[in-house]
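Chemist: Supplied in structure tokens, the structure appears directly below.
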Amino acid sequence: MEVSGICSICGRPGKMYTCTLCGSIICGKCYNIQKAVCKSCESFKTGDSNKSFK
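Following our numbering, the numbering of the sequence shown begins with 88 at its first residue and continues without gaps.
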């Protein structure tokens, strides 16, 4: 789902997405479109909190 607002992870304004795991509203840089999750949930899901997000 896409909305306008402020990213709950980095604070950027603009086009936002909703993480399917935690429900956070996040920007495109903090969102993995292929997995439909935010970078926080992706690192939790993979078990690697130090993994860089692309």
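All C-beta atoms in this analysis are idealised placements derived from N, C-alpha and C, irrespective of residue type, glycine included. Keep in mind the model is a prediction, meaning the values are calculated, not measured.
Can you grab the Cα-Cα spacing for the pair alanine 123 / glycine 98, in whole Å?
Modeler: Taking the straight line joining both Cα atoms gives about 19 Å.
Chemist: So what does DSSP say about cysteine 109, is it helix, strand or coil?
Modeler: Correct three-state label for cysteine 109: coil.
Chemist: Residues bridged to serine 91 by DSSP?
Modeler: Lys102, per the DSSP bridge assignment.
Chemist: If you reduce the DSSP assignment to three classes, tell me which class cysteine 125 lands in.
Modeler: In the structure shown, cysteine 125 sits in a strand (DSSP, three-state: E or B).
Chemist: Apply the 10 Å Cβ neighbour rule to cysteine 106 and answer buried if 16 or more other Cβ atoms are within range, or exposed otherwise.
Modeler: Cysteine 106 is buried by the Cβ-count criterion.
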